[in-house]
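Under my numbering, the residue at position 97 of the sequence shown is numbered 897, and the numbers go up by one with no gaps.
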Amino acid sequence: MFVSMENVPGAGREKNIKYLLIIVSSLLQMDYQVSTTQTSASLYGDPQDRERLIVLASKRGYKLPRLLATHGVENKPRVVTAGDALGDLEDVEPVLDTMGGLAPLRNGGHVLYHYKEDFTGAYDKRYVLNRDVPAKTVTKKNTMKHYKHDRPVTVRERARLQGFPDSHKFAGSRTQIADQIGNAVPVGLATAIGRAIVESYNVGYHCS
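This is how it looks when you write it as structure tokens:
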């Protein structure tokens, strides 16, 4: 009944748009209604200005899902910044990986995946965090510098910038975990897409 797709904004640019047009044309031929939207994850509560192209489609007779911003627009909360997401970890020293990535918190608890990473390369200047605005796109390769400390952000910090709660556990090696985080659709954006589809489904089918 419904289709959702997510990709980088470049999928809608001139040199790549033929693939997007094939997808849209195919959906229309299969009697779907289709909309395409370029948006940012920061508009849905994620502390990351990750631009994405979203395709939403519904079979004729079902309401076409509409993606509505939850943050950063009139009458909605402001966008969530990097400082909002990472502030309580600013003074929590990352631990060695041999400790399992469990860093102790002042309240007696622990946070997982907050471990030091070997880093000898140069930071990408595009990804030096500013605590007062959302982060730029989180990628699989970590060259993102913390806004307060002279170190790359930890795995836990990157996961927070993608909207993952601290209770979420990842599987696999450190490389596989980095891939999972970098490839993920940010949680707030994914939630907004899911809710838009559920809302349309709940309206029900109307023969047209």
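The C-beta atom is built at its ideal place from N, Cα and C for all residues, glycine as well.
From the DSSP output, in three-state form, read off residue i for me.
{"i": "residue 925", "result": "helix"}
{"i": "residue 965", "result": "coil"}
{"i": "residue 934", "result": "coil"}
{"i": "residue 952", "result": "strand"}
{"i": "residue 818", "result": "helix"}
{"i": "residue 999", "result": "helix"}
{"i": "residue 983", "result": "helix"}
{"i": "residue 917", "result": "coil"}
{"i": "residue 973", "result": "coil"}
{"i": "residue 808", "result": "coil"}
Going by alpha carbons, who is nearest to residue i out of the options?
{"i": "residue 918", "options": "955, 887 and 934", "result": "955"}
{"i": "residue 839", "options": "952, 953 and 986", "result": "986"}
{"i": "residue 890", "options": "973, 836, 920 and 950", "result": "950"}
{"i": "residue 981", "options": "969, 806 and 992", "result": "969"}
{"i": "residue 888", "options": "999, 816, 803 and 931", "result": "931"}
{"i": "residue 809", "options": "832, 909 and 836", "result": "836"}
Would the beta-carbon of residue i be found less than 7 Å away from any heavy atom of the ligand ZN?
{"i": "residue 971", "result": "Annotation note on the ligand ZN: not contained in the displayed structure, which lists no ligands."}
Quick one, are the C-beta atoms of residue i and residue j less than 8 Å apart?
{"i": "residue 896", "j": "residue 915", "result": "yes"}
{"i": "residue 885", "j": "residue 989", "result": "no"}
{"i": "residue 877", "j": "residue 934", "result": "no"}
{"i": "residue 996", "j": "residue 843", "result": "no"}
{"i": "residue 882", "j": "residue 947", "result": "yes"}
{"i": "residue 943", "j": "residue 952", "result": "yes"}
{"i": "residue 880", "j": "residue 855", "result": "no"}
{"i": "residue 805", "j": "residue 858", "result": "no"}
{"i": "residue 827", "j": "residue 803", "result": "yes"}
{"i": "residue 892", "j": "residue 911", "result": "yes"}
{"i": "residue 865", "j": "residue 973", "result": "no"}
Please work out which residues of its chain come closer than 6 Å, Cβ to Cβ, to residue i, disregarding the five sequence neighbours upstream and downstream, and give them in chain order.
{"i": "residue 811", "result": "820 and 853"}
{"i": "residue 841", "result": "848, 850, 986 and 989"}
{"i": "residue 993", "result": "804"}
{"i": "residue 817", "result": "none"}
Closer than 8 Å, CB to CB, is residue i near chain B or not?
{"i": "residue 834", "result": "Although the question refers to chain B, the structure presented lacks it and comprises just one protein chain."}
Can you list, in chain order, the residues of its chain with a C-beta nearer than 7 Å to that of residue i? Leave out the 5 residues immediately preceding and following it.
{"i": "residue 1002", "result": "none"}
{"i": "residue 964", "result": "987"}
Which runs of the alpha helix (DSSP H) spanning at least 4 residues fall entirely within the segment 830-909, listed in chain order? 882-886
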